[in-house]
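One structure is given below, encoded as structure tokens.
Chains as they are written, first to last, in this note's numbering: chain W, 35 to 182; chain S, 35 to 182; chain F, 205 to 290; chain Y, 205 to 290.
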């Protein structure tokens, strides 16, 4: 299940859906990313997220497929929010259900890392003095390289 | 927060507690282990878990402390159930809140792996033909060694 | 979108600075994403940055592509800054 | 528990097979966890396994210990099979 949405999401529902869809398997790993209360610059009051509708969903589907080839993945759910977000809001959820805990962790982290560097989302920081687009961090690129 | 308990746990409440306690940070990784619907032998109908009260909690507190020395850990919650469990029941929850997603994943996986090999829990498989204690898997020991 | 054109889309900082969300260019034999980018850069003003120091990513038909990727009639090509999601 | 004794606890398969949850032994100068284990194994029957092929883990005062760990009056020593939680 892949969703790009303006609305907030409910981790409890996502966890329940993973548990139900992977019935009989033993391991569920989840990751949730939240808006930090301090950004790249002082005085950030929120974020604005833009994406490339259509391409985003295809890229994420491809990442889940890649993960499924490398690890045991019984079910995966990815949600990414777009639009205006306040500090401490939830931004992204990745959940993986697997027969093995190592696979659940690896697939979940792989999807999350790859999402950061290859899914077409762009983040703008909103401050009292204006707004600016966030630049890509080389640390994110390096993380994905460790998976290649 | 560490709890060894007979009662089931609610992942939603645990997630909310992590989110509240690590306010301002950006990353929450969780792992939930469930009873598989097939065990080491055919016809498993459930599990019975025994532990060493007092020592268990100390060992888990030590694991969280070890993880906190190696990674940024803003909050951690570990729940392990004991007593009789049915197939597909939740057994264990590990949740970590961090400022960085890599740290959240690493600390969560480290605590979970180490829990398997160093916390005094013992698992018995219940079958229609009787019950037997589960033997430690060398794969679990190997996992912990990769962290040393 | 017409059968003999290519749809060009811009996102994020580029969309704002070029003040352009989408435009149509005519399909031509041998046209690549990189050639189109250079052509657009020649419009000057904010467009000059397409050929500048800042990295520009390209997607063709909603899949990541490279400057050498050929563009055909009916294609959708998108230019955007490095992604910053999650 | 008395001041001059050591409390011995067993868990899981050992607890069941020895049919013993806890027992008290007198503290003696120089007693180690390993020596106590060998002494208990000499009781024969199911106790013989304490000195057998199956690994036996030891904790002293609720912390993992080794056969060489010294036991003192008032200590709690526990013997159990390798753990299988999670």
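Ideal Cβ placement from N, Cα and C applies to all residues, glycine included.
1) Residue 156 of chain W touches chain F at which residues, Cβ-Cβ below 8 Å?
2) Count the other CB atoms within 10 Å of the CB of residue 50 of chain W; is the residue buried (16 or more) or exposed (fewer)?
3) For residue 114 of chain S, go through chain Y and note every residue whose CB falls closer than 9 Å to its CB, in chain order.
4) In the region 80-102 of chain S, which residues sit with their C-beta less than 9 Å from some C-beta in chain W, listed in chain order?
5) Give the secondary structure of residue 45 of chain W by DSSP, where H, G and I count as helix, E and B as strand, and everything else as coil.
6) Using a Cβ-Cβ cut-off of 7 Å, state whether residue 39 of chain W counts as contacting chain F.
7) I want to know whether the region 257-274 of chain Y touches the region 58-71 of chain S - three or more CB-CB distances under 8 Å.
8) With a 10 Å radius around its C-beta and 16 neighbouring C-beta atoms as the bar for buried, classify residue 81 of chain W as buried or exposed.
9) Would you say residue 128 of chain S and residue 146 of chain S are within 7 Å of each other, going by their C-beta atoms?
10) Helix or strand or just coil, what does DSSP make of residue 249 of chain Y?
11) Considering only residues of the same chain and omitting the five flanking positions on each side of residue 205 of chain F, which have a CB-CB separation below 6 Å?
12) Going by the CB atoms, is the gap between residue 101 of chain W and residue 144 of chain W shorter than 7 Å?
13) Can you give me the start and stop residues for the alpha helix (DSSP H) that residue 93 of chain S sits inside?
14) Please classify residue 51 of chain W: does DSSP put it in a helix, a strand, or coil?
15) Below 9 Å between beta carbons is the criterion; list the residues of the region 135-153 of chain S that meet it against any residue of chain Y, in chain order.
16) What distance in whole Å lies between the Cβ atoms of residue 287 of chain F and residue 92 of chain W, which are believed to be in contact at a cut-off of 8 Å?
17) Would residue 266 of chain Y pass as an interface residue toward chain S - the criterion being a Cβ-Cβ separation below 7 Å?
18) Mind pulling the beta strand (DSSP E) runs of 3 or more residues that sit fully within the region 95-172 of chain W?
19) DSSP state of residue 213 of chain Y, grouped into three classes?
20) Just how far apart, CA to CA, sit residue 45 of chain S and residue 111 of chain S?
21) Using the Cα positions of residue 103 of chain S and residue 78 of chain W, report the straight-line distance between them to the nearest angstrom.
22) Taking 7 Å as the cut-off, decide whether the C-beta atoms of residue 216 of chain Y and residue 84 of chain S are in contact.
23) Based on DSSP bridge pairs, tell me the residues matched to residue 82 of chain S.
24) When you compare only the Cα positions, how much space is there between residue 133 of chain S and residue 260 of chain Y?
25) Where does residue 232 of chain F land, buried or exposed, given buried means 16+ other C-beta within 10 angstroms?
26) Helix, strand or coil: which one does DSSP assign to residue 280 of chain F?
27) Compare the C-alpha of residue 243 of chain F against each of F:250, F:263 and F:255 and name the closest.
28) Please report how far the alpha carbon of residue 273 of chain Y lies from the alpha carbon of residue 38 of chain S, in whole angstroms.
29) Who are the near neighbours of residue 182 of chain S in its chain, counting only those whose CB is closer than 6 Å to its CB and skipping five residues on each side?
30) For residue 274 of chain Y, write down the residues that DSSP places opposite it in a beta bridge.
31) Does residue 228 of chain Y come out as helix, strand or coil in the three-state DSSP assignment?
32) Along chain S, in chain order, which residues have C-beta atoms closer than 8 Å to that of residue 263 of chain Y?
33) What's the call for residue 183 of chain W, buried or exposed, on a 16-neighbour Cβ count within 10 Å?
34) Just tell me which of S:167, S:163, S:162 and S:154 has its CA closest to the CA of residue 95 of chain S.
Working from what's here:
1) Around residue 156 of chain W, the beta-carbon contacts reaching into chain F at under 8 Å are 215, 216, 217, 284, 285, 287, 288 and 289.
2) By the neighbour-count criterion, in which 16 or more other beta carbons inside 10 Å mark a residue as buried, residue 50 of chain W falls on the exposed side.
3) Going along chain Y in sequence order, the residues near residue 114 of chain S (Cβ under 9 Å) are 289 and 290.
4) Listed by position along the chain: nothing, the set is empty.
5) Helix.
6) At a cut-off of 7 Å between C-beta atoms, residue 39 of chain W does not count as an interface residue with respect to chain F.
7) By the C-beta criterion, the region 257-274 of chain Y is judged not to be in contact with the region 58-71 of chain S, since fewer than 3 inter-stretch pairs fall below 8 Å.
8) It counts as buried.
9) Yes.
10) Under the three-state reduction of DSSP output, residue 249 of chain Y falls in the helix class.
11) The predicted position of residue 205 of chain F is uncertain, since its pLDDT is 48 and thus under 50; a value taken from the coordinates is nonetheless stated next. If we look at residue 205 of chain F and ignore the five residues flanking it on each side, its Cβ neighbours are 211.
12) In this structure, residue 101 of chain W lies closer than 7 Å to residue 144 of chain W by Cβ.
13) 89-104 is the span of the alpha helix (DSSP H), which, as asked, contains residue 93 of chain S.
14) In the structure shown, residue 51 of chain W sits in a helix (DSSP, three-state: H, G or I).
15) Listed in sequence order: 146, 147, 149, 150, 151, 152 and 153.
16) The beta-carbon distance between residue 92 of chain W and residue 287 of chain F, rounded to whole angstroms, is 14 Å. This is too long to meet the 8 Å contact definition.
17) At least one chain S Cβ lies under 7 Å of residue 266 of chain Y.
18) Positions of the beta strand (DSSP E) runs, each at least 3 residues long and wholly inside the region 95-172 of chain W, are given as 109-115, 117-120, 124-132, 155-161 and 164-167 in order along the chain.
19) Strand, per DSSP.
20) Rounded to whole angstroms, the separation of the alpha carbons of residue 111 of chain S and residue 45 of chain S is 11 Å.
21) Rounded to whole angstroms, residue 103 of chain S to residue 78 of chain W spans 30 Å at the Cα level.
22) When the beta-carbon positions are compared, residue 216 of chain Y and residue 84 of chain S come within less than 7 Å of each other.
23) Under DSSP, the beta-bridge partners assigned to residue 82 of chain S are S:118 and S:158.
24) If you draw a straight line from the Cα of residue 133 of chain S to the Cα of residue 260 of chain Y, it comes to about 41 Å.
25) A residue is called buried when at least 16 other Cβ atoms come within 10 angstroms of its Cβ; residue 232 of chain F does not meet this threshold and is exposed.
26) If DSSP states are grouped into helix, strand and coil, residue 280 of chain F belongs with the strands.
27) Ranking F:250, F:263 and F:255 by Cα distance to residue 243 of chain F puts F:255 first.
28) Going by the C-alpha atoms only, they are around 28 Å apart.
29) Because residue 182 of chain S sits at a pLDDT of 49, beneath the cut-off of 50, its placement in the model cannot be relied upon, and the following sentence gives the value as read from the coordinates. Same-chain partners within the cutoff: there are none.
30) In the DSSP output, where bridge partners are listed per residue, residue 274 of chain Y has Y:236.
31) Taken through DSSP and simplified to helix, strand or coil, residue 228 of chain Y comes out as strand.
32) Neighbours of residue 263 of chain Y on chain S, chain order: 86, 89 and 154.
33) This structure cannot speak to residue 183 of chain W, because chain W is shown only from 35 to 182.
34) Answer by Cα proximity: S:154.
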